[in-house]
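The letter at position 5 of the sequence shown is residue 5 when you use the UniProt record's numbering, and the numbering goes up by one with no holes. Heads up, the beta-carbon is just placed ideally off N, CA and C, and yes, glycines get one too.
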Amino acid sequence: MAASGTVATFRTSVSSAPSSSSSSSQLTHLRSPSKALKFTPLPSSRSRSSFSVSCTIAKEPAVLMATGSDPTLWQRPDSFGRFGKFGGKYVPETLMHALSELESAFYSLATDDDFQRELAGILKDYVGRESPLYFAERLTEHYRRENGEGPLIYLKREDLNHTGAHKINNAVAQALLAKRLGKKRIIAETGAGQHGVATATVCARFGLQCIIYMGAQDMERQALNVFRMRLLGAEVRGVHSGTATLKDATSEAIRDWVTNVETTHYILGSVAGPHPYPMMVRDFHAVIGKETRRQALEKWGGKPDVLVACVGGGSNAMGLFHEFVDDTEVRMIGVEAAGFGLDSGKHAATLTKGDVGVLHGAMSYLLQDDDGQIIEPHSISAG
């Protein structure tokens, strides 16, 4: 569950050896944030740090069943690009045509057999999919209770993909899409540098010009990833405005896109931004969950009882959760960084403590002050 994109699955069992069987995966659909999601702070863990607090986004099956909502309402955004009241296109008029063009191309290529074959081949031979679902034997043993009971812990090893993270899944798909649109110039934002490295890698693979926007503070903290991006031929532009982190890099990338929209495609790396980006990024990362379902069936003949993923920009969590959203018996837990505590004002628990607002072209949960101004999240990590 680190920045590399490794996520965990849990199976409740008293045995230590998983059984084996096989089956194929199936596709499910995403529901947007609503009353069906419960935001719950968990107690602090003093074994790690006296200031550490874990936060979860726990899907309550009973609430999902009680809402009575038509599931088809949440499978795709509406004509305005909204999942319920979230999402949308809050962007300058200059970008509306580009976003509509991108949406049309995405829907068209979703049913294009040649595109899907090319993408599947690259994911297999270049990215190295599928990634293993690894049984963490010693971690499982560590959490085993005295009576022998406890979870069997598996790790979905997205860190073993080419470039060392899950980010390459989305980057390679969007680069292929950009080529179909005839765009020769690629821009992207990055925080810790993993999305920047993935974007620089696919641009080198497909012969595309690459511009990466990165906060100056993040460039200092992640100098090695800056070196890797430049080694791959990307131009890394430091952003010194604001807090010089990911939010400011994203703002600068959007300004660039407004100016160069005719020749440039923006590879956004999170389930954020204006429609169709959240939908696209989610679907391009959904391979994580689809593989997990199939691998779970092969290893023990069932589904995980609990899925756990870190929640920052959301691409890692959505990639895992999307496949299982309609499985009411599977519990999903998203973990946010709570810093010095939820009431300290120094945390990054946006979903737990945030309010609804608009940023970077979409409506979402944001940390805001009483005047609606964005409050900078606190984190010791880059981005």
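I'd like to confirm the pairing. Which residues does DSSP put opposite leucine 359 in its beta bridges?
Paired residues: Ala362.
By the DSSP assignment, the beta strand (DSSP E) with histidine 265 in it spans what residues?
First-last of the beta strand (DSSP E) with histidine 265: 264–266.
Mark proline 92 as exposed unless 16 or more other C-beta atoms lie within 10 angstroms of its C-beta, in which case mark it buried.
A residue is called buried when at least 16 other Cβ atoms come within 10 angstroms of its Cβ; proline 92 does not meet this threshold and is exposed.
Determine the extent of the alpha helix (DSSP H) in which valine 258 is found, giving its start and end residues.
Note, valine 258: alpha helix (DSSP H), 246–259.
Buried or exposed by the 16-neighbour rule on C-beta atoms within 10 Å, applied to threonine 40
In this prediction, threonine 40 scores a pLDDT of 41, lower than 50, which makes its location untrustworthy; no coordinate-derived value is stated.
Should proline 278 and alanine 272 be called a contact, given that it needs their Cβ atoms to be closer than 8 Å?
In this structure, alanine 272 lies closer than 8 Å to proline 278 by Cβ.
Going by C-alpha distance, which of Gly319, Gly301, Lys299 is nearest valine 308?
Residue Gly319 is the option with its Cα nearest to valine 308.
Is the stretch 323–341 in contact with the stretch 284–301, if contact means three or more CB pairs nearer than 8 Å?
Yes, the stretch 323–341 touches the stretch 284–301.
Could you tell me whether the stretch 330–341 touches the stretch 301–316, where touching means 3 or more Cβ pairs closer than 8 Å?
Counting Cβ pairs under 8 Å, three or more are found: they touch.
Host beta strand (DSSP E) of threonine 190 (start-end)
Per DSSP, threonine 190 belongs to the beta strand (DSSP E) from 185–190.
Nearest-angstrom Cα separation, counted from arginine 145 out to alanine 348:
The alpha-carbon separation between alanine 348 and arginine 145 amounts to approximately 32 Å.
Where does lysine 156 fall in DSSP's three states?
In this structure, lysine 156 counts as strand in the three-state DSSP scheme.
Sequence-distant residues of its chain with Cβ nearer than 6 Å to arginine 129 (five each side left out):
The beta carbon of arginine 129 sits closer than 6 Å to the beta carbons of Leu123 from its chain, once the five residues preceding and following it are set aside; these are given in chain order.
Do you know how far the Cα of aspartate 159 is from the Cα of methionine 229?
The C-alpha of aspartate 159 is placed about 18 Å away from the C-alpha of methionine 229.
Would you say isoleucine 254 and histidine 360 are within 8 Å of each other, going by their C-beta atoms?
Cβ atoms of isoleucine 254 and histidine 360: closer than 8 Å.
Taking the C-alpha atoms as reference points, what is the distance between residue 385 and threonine 245?
There is simply no residue 385 to check, as the chain begins at 1 and stops at 383 in what is shown.
Determine the extent of the alpha helix (DSSP H) in which arginine 180 is found, giving its start and end residues.
Run containing arginine 180: 167–180, per the alpha helix (DSSP H) assignment.
Taking buried to mean at least 16 other C-beta atoms within 10 Å of its own C-beta, is leucine 367 buried or exposed?
Buried is the call here.
According to DSSP, what are the bridge partners of valine 202?
As computed with DSSP, valine 202 is found in no beta bridge at all.
Residues of its chain near threonine 94, where Cβ-Cβ distance is below 8 Å and the 5 sequence neighbours each way are ignored:
Excluding its 5 nearest sequence neighbours in each direction, threonine 94 has C-beta neighbours in its own chain below 8 Å: Val258, Val261, listed in chain order.
Rounded to whole angstroms, how far is the Cβ of glycine 339 from the Cβ of lysine 346, which I believe are closer than 8 Å?
With 8 Å as the limit, glycine 339 and lysine 346 qualify as a contact, their Cβ atoms being about 5 Å apart.
Taking the C-alpha atoms as reference points, what is the distance between isoleucine 375 and aspartate 369?
Roughly 6 Å separates the two Cα atoms.
Complete beta strand (DSSP E) runs within the stretch 74–139 (minimum length 3 residues, chain order)
Listed in chain order, the complete beta strand (DSSP E) runs (minimum 3 residues) inside the stretch 74–139 are 133–135.
What would DSSP say about proline 278, mapped onto helix, strand or coil?
Of the three classes helix, strand and coil, the one that applies to proline 278 here is helix, per DSSP.
Evaluate serine 19 with the Cβ neighbour count: other Cβ atoms within 10 Å of its Cβ, from every protein chain shown; 16 or more gives buried, anything less gives exposed.
Below a pLDDT of 50, predicted positions are generally treated as unreliable, and serine 19, at 37, falls in that range; no measurement from the model is reported.
Label glutamate 149 either buried or exposed according to how many other C-beta atoms from any shown protein chain fall within 10 Å of its C-beta, with 16 as the threshold for buried.
By the neighbour-count criterion, in which a residue is buried when 16 or more other Cβ atoms sit within 10 angstroms of its Cβ, glutamate 149 is exposed.
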